[in-house]
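Trainee: From first to last, the protein sequence lines are chains A and B.
Numbering-wise, our numbering puts 209 at position 226 of the first sequence, and it's gapless, one number per residue.
Numbering-wise, our numbering puts -4 at position 13 of the second sequence, and it's gapless, one number per residue.
Protein chains: 2
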Amino acid sequence: MALAYLSGLLQGDTRSLARCISLVENEAPGYEQLLQALPHRTNTRVVGITGPPGAGKSTLVNALISQLLLQQQKVAILAVDPSSPFNYGALLGDRIRMSRHFNHPDVYIRSLATRGALGGLSPKIIEISEVVKAAGFDYLFIETVGVGQSEVEIAGIADTTVVVVVPEAGDEIQTMKAGLMEIADIFVVNKADRDQADLFARNLRTLAHTRSGDWNIPVIKTIATQEEGVKALIEQIQLHQRGIYSHEQRHALLLAEKAYQLIQQRRMRDISRQALQQEVLKRLQDGDFNLYRLAAEWAGR
Amino acid sequence: MALAYLSGLLQGDTRSLARCISLVENEAPGYEQLLQALPHRTNTRVVGITGPPGAGKSTLVNALISQLLLQQQKVAILAVDPSSPFNYGALLGDRIRMSRHFNHPDVYIRSLATRGALGGLSPKIIEISEVVKAAGFDYLFIETVGVGQSEVEIAGIADTTVVVVVPEAGDEIQTMKAGLMEIADIFVVNKADRDQADLFARNLRTLAHTRSGDWNIPVIKTIATQEEGVKALIEQIQLHQRGIYSHEQRHALLLAEKAYQLIQQRRMRDISRQALQQEVLKRLQDGDFNLYRLAAEWAGR
């Protein structure tokens, strides 16, 4: 049943793609066979776009779509950020804001539910990314809000992580952005027409430089609303991706991290936090609670 | 062997405590029996102290120790933040800065290694916290830097999470601190003698109010260097803890979350990321790589 959509998916048919994603998202019968049947394709550039709310991530993604369409590229977007206008689950008004590209045949936009209150990524995001890759897109942008756990997780899922920030007082970079600092493959200073943008970008460049290894983390200034700087950003994304795919070890490391996350999910799926809470309550009431013993028993089930 | 330290531990002997923590940290023979033999004690208030570097977390913890010693309380500190002066593994000079309380018989300070490049918490922090609780401390402060994953993790380990911030331009609160926003049980605006501190605290209060449920998240102004506001902070910590321990469900939820983390660690300990990477490489070279299949096979091992 699920496999019936496979050939459509591999040909890039949008309806088949949508069906396949839903199958995986809902763990509908056959979704595992579908996932196991996917060929390993490496022609999709998986790009995480993260950063604080208000940095202009969605506007930037919009500008990226426009530019990539001019270059005859097929583009998919997964919006995990609940505040993103791409995440049209939220408000109908938001959906309309994004409609410029919504019906374009070479663009596929999908919003995904986040996991729990802390705004983590959808637990299915890795599998869904594999489905999108099988459909033959040139680019997959995964937009997440850069707070809490998701900023760290996105680094394990995207091949290139773009961190979008806006200019502000220079001495704040060091303190507030440390979490984002560590995951960025590329920095974008958006709203670069603001005062202090040059100083901010310069400071960021100095900081980024101290972290650079094989790859010199670039700092790109953009004005997403005017599509300025977007071409330069695409060039850096391409450059970074070439780096990954020309280094077998780095490529394998990225895939291994995804596999690790999937293994963890599978092994933990029989553990319900609610059932665990009930068990804790029971043992507390029996006066027989020991945290480590409980964990050891349940881990072995 | 490990159990030999148990009676000393339960009597609060510092040397036994240090030995027990080392046993657990190194997974030395007998550490599991030791953990399983610990009584469940609820008299230790486990308080996470987090926030960006430069917010004055360590100075605040110092001030908390001073105040609590005046109140005849026993205080333990686990420093996970690698930049913390409590984390004396780093620099000898730093250790000296903290020496005011270092040799006090009612104070126990220990630094813990962080896990990997993203600065996560020590994988052993939950178990080590249980050991400290068994030793009969009144307070356990866990200091972590508020970036990346650790800020989210700390919320699962501490009973009360204190987020320390410093005054800055009011409109930045909303954007940059969203990750910290979600985990705070108590906010501390430190360096409250700075300009704009009142405005900042007021804005933060408004924001915190929108998130408050059963518990109204307080915003406390402190000047840690002068020990100002520290008594008020202790009162709020006590109030919050009373809330937890008088609500069985909330207490069980906190314990269940810790158990969940421990179960996950146990179940994943046979999976080496390095071995996984080697396997990925091999399959890529054989032209037989499928992410989901690999994960399914390894999950089932």
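Where is the CB? At the ideal position from N, CA and C, for every residue including glycine.
1. Identify the contact partners of isoleucine 254 of chain B in chain D, using a Cβ-Cβ distance below 7 Å as the criterion.
2. Following the continuous alpha helix (DSSP H) through valine 63 of chain A, name the residue where it begins and the one where it ends.
3. If we cut at 8 Å on Cβ distances, does glutamine 179 of chain B have a partner in chain A?
4. Quick one: what's got a C-beta closer than 8 Å to tryptophan 198 of chain B's C-beta in the same chain, skipping five residues either side?
5. Between A:Gly39, A:Glu113, A:Pro22, which has its C-alpha nearest alanine 59 of chain A's C-alpha?
6. How big is the Cα-Cα spacing for arginine 252 of chain B and arginine -2 of chain B?
7. So which residues of chain A does tryptophan 281 of chain B contact, with C-beta pairs closer than 8 Å?
8. Starting from the beta carbon of glutamate 126 of chain B, find every residue of chain A whose beta carbon is closer than 8 Å, and list them in chain order.
9. Is the beta carbon of valine 147 of chain B less than 8 Å from the beta carbon of valine 30 of chain B?
10. Out of A:Val149, A:Ile200, A:Leu123, A:Leu216, state which residue places its alpha-carbon closest to the alpha-carbon of lysine 57 of chain A.
11. According to the Cβ coordinates, are isoleucine 92 of chain A and isoleucine 140 of chain A closer than 8 Å?
12. Which parts of the stretch 180 to 250 of chain B are runs of the beta strand (DSSP E), unbroken and 3 residues or longer, counting only runs that do not cross its ends?
13. Could you check what DSSP says for threonine 25 of chain A in three-state terms: helix, strand or coil?
14. Does the beta-carbon distance from isoleucine 166 of chain B to leucine 61 of chain B come in below 8 Å?
15. Using a Cβ-Cβ cut-off of 8 Å, state whether glutamate 278 of chain B counts as contacting chain A.
16. Could you give the C-beta distance for isoleucine 220 of chain A and threonine 143 of chain A, rounded to a whole number, given that I count them as a contact under 8 Å?
17. Please state the DSSP three-state secondary structure of alanine 59 of chain B.
18. If you follow the beta strand (DSSP E) that serine 94 of chain B is part of, which residue opens it and which one closes it?
19. Nearest by alpha-carbon distance to asparagine 45 of chain B: which of B:Leu(-8), B:Thr208, B:Lys241, B:Gln261 is it?
20. Drop a sphere of 10 angstroms on the beta-carbon of leucine 17 of chain B, count the other beta-carbons inside from all chains shown, and report buried for 16 or more, exposed for fewer.
21. Taking the CB atoms as reference points, tell me whether proline 22 of chain B and alanine 117 of chain B lie closer together than 8 Å.
22. For the beta strand (DSSP E) containing isoleucine 169 of chain A, list its first residue and its last residue.
23. Can you tell which of A:Ile206, A:Leu187, A:Phe120, A:Gln257 has its C-alpha closest to the C-alpha of threonine 42 of chain A?
24. So the alpha helix (DSSP H) isoleucine 109 of chain A belongs to, where does it begin and stop?
25. For glutamine 248 of chain B, which of A:Gly283, A:Asp176, A:Lys214, A:Glu15 has the nearest alpha-carbon?
26. Less than 8 Å between the CB atoms is what I'm expecting for isoleucine 246 of chain A and isoleucine 254 of chain B, so what's the real figure, rounded?
27. Taking DSSP as the reference, what is the three-state secondary structure of threonine 127 of chain B?
28. In chain A, which residues lie with their C-beta within 7 Å of the C-beta of phenylalanine 272 of chain B?
29. Please classify tyrosine 275 of chain A as buried or exposed, where buried requires at least 16 neighbouring CB atoms within 10 angstroms.
30. Roughly how many whole angstroms lie between the Cα atoms of alanine 215 of chain B and glycine 37 of chain B?
31. Suppose you measure from the CA of phenylalanine 183 of chain A to the CA of arginine 177 of chain B; what does that come to, to the nearest Å?
32. Counting pairs of beta carbons, one from the stretch 232 to 242 of chain B and one from the stretch 259 to 277 of chain A, are three or more of them closer than 8 Å?
33. Which residues mark the beginning and the end of the alpha helix (DSSP H) in which valine 263 of chain B is found?
34. Just checking my contact of asparagine 273 of chain B with glutamine 19 of chain A at CB under 8 Å: how many whole Å lie between their CB atoms?
35. By Cβ distance below 7 Å, which residues in the same chain neighbour arginine 256 of chain A in space, the five residues on each side in sequence not counted?
36. Between the alpha carbons of arginine 28 of chain A and aspartate 89 of chain B, how many angstroms are there, rounded?
Mentor: Put simply:
1. Of the protein chains in the structure, A and B, none is chain D.
2. Careful: valine 63 of chain A lies outside any alpha helix (DSSP H) and carries neither H nor E.
3. no
4. Asp168, His223, Gly226
5. A:Glu113
6. 29 Å
7. Ala242, Ile246
8. Simply none; closest approach about 15 Å.
9. no
10. A:Leu123
11. no
12. 202 to 204
13. coil
14. no
15. Looking at the sequence shown, residue 278 of chain B is not glutamate but alanine. Yes, contact with chain A.
16. 6 Å
17. strand
18. 90 to 94
19. B:Thr208
20. buried
21. yes
22. 169 to 172
23. A:Ile206
24. 108 to 117
25. A:Gly283
26. 6 Å
27. coil
28. His23
29. buried
30. 22 Å
31. 23 Å
32. yes
33. 256 to 269
34. 6 Å
35. none
36. 56 Å
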